[in-house]
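Visitor:
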Amino acid sequence: MRRFERKRAIFANKDALRESYQPDSIEERDEEIEAYMDALQPVVDGWEPNNVFLYGNTGVGKTAVTEYLLSLLQDDVEEYDDVDLSVVSLNCKPLSSSYQVAVELVNELRPDGGGISTTGYPQQTVFNKLYEELDEVGGTILLVLDEIDAIGDRDELLYELPRARSKGDLEDAKVGIIGISNDFKFRDQLDPRVQDTLCERELQFPPYNAQELTNILSSRAEIALREDTYDEAVVRLCAALAAKDRGSARQALDLLLLAAEQAENGDDDRVSERHVEAARHELERERVEEGIRQLTQHGHLALLAVVSIAAEGDTPGRSRAIYDRYLDICDGYGVDSLAQRSVHNHLSDLRMLGILTARENRSGSRGNFYSYELDVPLESALTALEDELDMQQRFSDLRTVATMNEVR
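Read in order, the letters of the sequence shown correspond to residues -13 to 394 in the working numbering.
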């Protein structure tokens, strides 16, 4: 058996390609940074902070820019004796309601061992405990709620917090909320009263284009990879693939990281375009498998409905046609089906996971409808679903149908 040995053939600083790496400056987001700084300006001036809402796809710099600017802001306000700034960050992904967010914030603000239970309190009691903890901290407090869309329509806290000072619930603390979301439609789902306050300063982060991603990758590659182990063609390919997919810097960095790992593990002296293509297939497979693992049984069956229509070459598929196919699958599988609205929610979840794309079709007097199609290779979806569902014959038949459609 071989022993562990240090490898230094390709990487100079591998961590520079990881999500946790903090660059000295943020590239290709000058306009967004300028607007963001304007929104944060009241903090420096000593006034009550704005509530800021950021939205854009995963990997387009929302969280990175937020961390960068808030670090800069905390350093700069130290020059002013009348500004006492605290920043509390919370990822809402594992949470699903205002109640849970409030509990987590209370426990984040309290010393270790002083947290409250996640159940057993009336919601208003938890809110009051949160106000007490915020007033205990005092000064200006920015609450960064990443992936805020996870709380869905249970958004009472987002209504109450911005009004807490005017209602007398807060006396010593001036609180601002920074909400970060990957869901462009989340804002529209909020109570109109919440929209008026939470989104008083709204910033959109568009996907990066290929040239922007090339610039970002080039600067990271200079730090991460040894000289003469790659060329610009590799960087441009990673950037182009990510730009074509989601415009995500995270995706482009992951591609370059995995491609370089494959070159090093294969004892190659240079990272080639062949390594990038292999990395793309690997990341695609991992993304599909991870997304599908998160689904419930009916999420799997809803996806299978889309996959079966895609195998026939008949996508984008209208939501009604997908639902009819879902009913057939449930019947054949011996499972009680859900209502169409519930299946639509599962399809929306698949869109959020990047497995499906959706298009709203406007048809005049007949009303609007959605159509869906796979945003991942058919074979990747089939393989991942096959691991989750005990329907080998169905998958064999689907592969046969898909192959026949490819031949045509």
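Virtual Cβ for every residue (Gly too), placed ideally from N, Cα, C.
Please read all numbers here as calculations on a predicted model, not as lab measurements.
For I166, report the span of its alpha helix (DSSP H) as first-last.
Guide: Looking at the DSSP string, I166 is not in any alpha helix (DSSP H); the run it does join, the beta strand (DSSP E), is A159 to S167.
Visitor: Closer than 7 Å by C-beta to P28: which residues in its own chain qualify, once you throw out the five before and the five after it? Chain order, please.
Guide: Correct list, in chain order: E34, P35 and N36.
Visitor: With burial defined as no fewer than 16 other Cβ atoms inside 10 Å of the residue's Cβ, what is the status of F113: buried or exposed?
Guide: Counting Cβ neighbours within 10 Å, F113 comes out buried, since at least 16 surround it.
Visitor: In whole angstroms, give me the CA-to-CA distance for F170 and A225.
Guide: Taking the straight line joining both Cα atoms gives about 24 Å.
Visitor: Give me, in chain order, the residues of the same chain whose beta-carbon lies closer than 7 Å to that of I346; leave out the 5 immediate sequence neighbours on both sides.
Guide: The amino acid at residue 346 is misidentified as Ile; the sequence shows Glu. Excluding sequence neighbours, E346 sits near N354 and Y356.
Visitor: Considering only the alpha carbon of each residue, which of V89, P108 and L242 lies closest to G100?
Guide: Minimum Cα distance to G100 is reached at V89.
Visitor: Could you check which residue in L71, L281, E17 and P148 has the C-alpha nearest to that of A370?
Guide: Ranking L71, L281, E17 and P148 by Cα distance to A370 puts L281 first.
Visitor: With three or more C-beta pairs closer than 8 Å as the rule, is the region 197 to 206 touching the region 226 to 241?
Guide: Yes, they touch.
Visitor: Count the other C-beta atoms from every protein chain shown that fall within 10 angstroms of the C-beta of R394, then say buried if there are 16 or more, exposed otherwise.
Guide: Its pLDDT being 46, under 50, R394 is placed unreliably by the model, and the measurement read from it follows with that caveat. It counts as exposed.
Visitor: Work out the CA separation of E122 and D155 for me, nearest whole Å.
Guide: Taking the straight line from one Cα to the other gives about 12 Å.
Visitor: Please classify S407 as buried or exposed, where buried requires at least 16 other C-beta atoms within 10 Å of its C-beta.
Guide: In the structure displayed, the chain extends from -13 to 394; residue 407 sits before or after that span and is not available.
Visitor: Looking at C-beta atoms only, is the number of pairs between the region -9 to 3 and the region 238 to 258 that lie closer than 8 Å three or more?
Guide: The region -9 to 3, when compared against the region 238 to 258, does touch it at the 8 Å Cβ threshold.
Visitor: Taking DSSP's pairing of strands, which residues face G303 in a bridge?
Guide: According to DSSP, which records beta bridges pairwise, G303 is partnered with Y358.
Visitor: Mark R306 as exposed unless 16 or more other C-beta atoms lie within 10 angstroms of its C-beta, in which case mark it buried.
Guide: Exposed, because fewer than 16 other Cβ atoms sit within 10 Å of the Cβ of R306.
Visitor: Of all the options E270, T105, E213 and E14, which has the alpha carbon lying nearest to the alpha carbon of L339?
Guide: Answer by Cα proximity: E270.
Visitor: Rounding to the nearest angstrom, what Cα-Cα distance links E188 and D373 in this structure?
Guide: Spanning the two alpha carbons is a distance of roughly 42 Å.
Visitor: Which whole-angstrom value is the C-beta distance of V262 and L223, which I expect to be below 8 Å?
Guide: Rounded, the Cβ-Cβ distance is 5 Å, consistent with contact.
Visitor: For G32, tell me which candidate among V161, A297, D317 and P192 has the shortest Cα-Cα distance.
Guide: Measuring from the Cα of G32, the nearest candidate turns out to be V161.
Visitor: Count the other CB atoms within 10 Å of the CB of T104; is the residue buried (16 or more) or exposed (fewer)?
Guide: Exposed: under 16 other Cβ atoms inside 10 Å.
Visitor: What is the rounded straight-line gap between the Cα of V180 and the Cα of D141?
Guide: Taking the straight line from one Cα to the other gives about 8 Å.
Visitor: CA-CA distance, S323 and G233?
Guide: Straight-line Cα distance between these residues: approximately 36 Å.
Visitor: For E128 versus I164, is the C-beta distance shorter than 8 Å?
Guide: In the sequence under discussion, the amino acid at residue 128 is Leu, which differs from the Glu named in the question. Their beta carbons are under 8 Å apart, which means L128 touches I164 by this criterion.
Visitor: Tell me whether R(-8) is buried or exposed, calling it buried when 16 or more other Cβ atoms sit within 10 Å of its Cβ.
Guide: Flag for R(-8) reads exposed.
Visitor: If I'm right that G125 touches S72 with Cβ under 8 Å, what's the distance once you round it to whole angstroms?
Guide: Sure, about 6 Å apart at Cβ, within 8 Å.
Visitor: Compare the beta carbon distance of L116 and L91 with 8 Å and say whether it is the shorter of the two.
Guide: It is a contact, given that the beta carbons lie within the stated cut-off.
Visitor: With DSSP run on the structure shown, which of helix, strand or coil describes F(-3)?
Guide: Strand, per DSSP.
Visitor: Consult DSSP for V74 and reduce its assignment to one of helix, strand or coil.
Guide: It is a strand residue.
Visitor: Please name the residue, chosen from L143, Y85, S328 and A296, that lies closest to L342 on a Cα-to-Cα basis.
Guide: When each option's Cα is compared against that of L342, the closest is A296.
Visitor: If you run the structure through DSSP and keep just helix, strand and coil, what is Q8?
Guide: Three-state DSSP puts Q8 in coil, outside helix and strand.
Visitor: Anyone know if the C-beta pair for E119 and L147 falls short of 8 Å?
Guide: No, the Cβ-Cβ distance between E119 and L147 is not below 8 Å.
Visitor: What are the start and end residues of the beta strand (DSSP E) that includes V130?
Guide: That run of the beta strand (DSSP E) goes G125 to D132.
Visitor: Have a look at the DSSP bridge pairing and note the partners of E346.
Guide: Y356.
Visitor: Is DSSP giving Y216 helix, strand or coil here?
Guide: Coil at Y216, not helix or strand.
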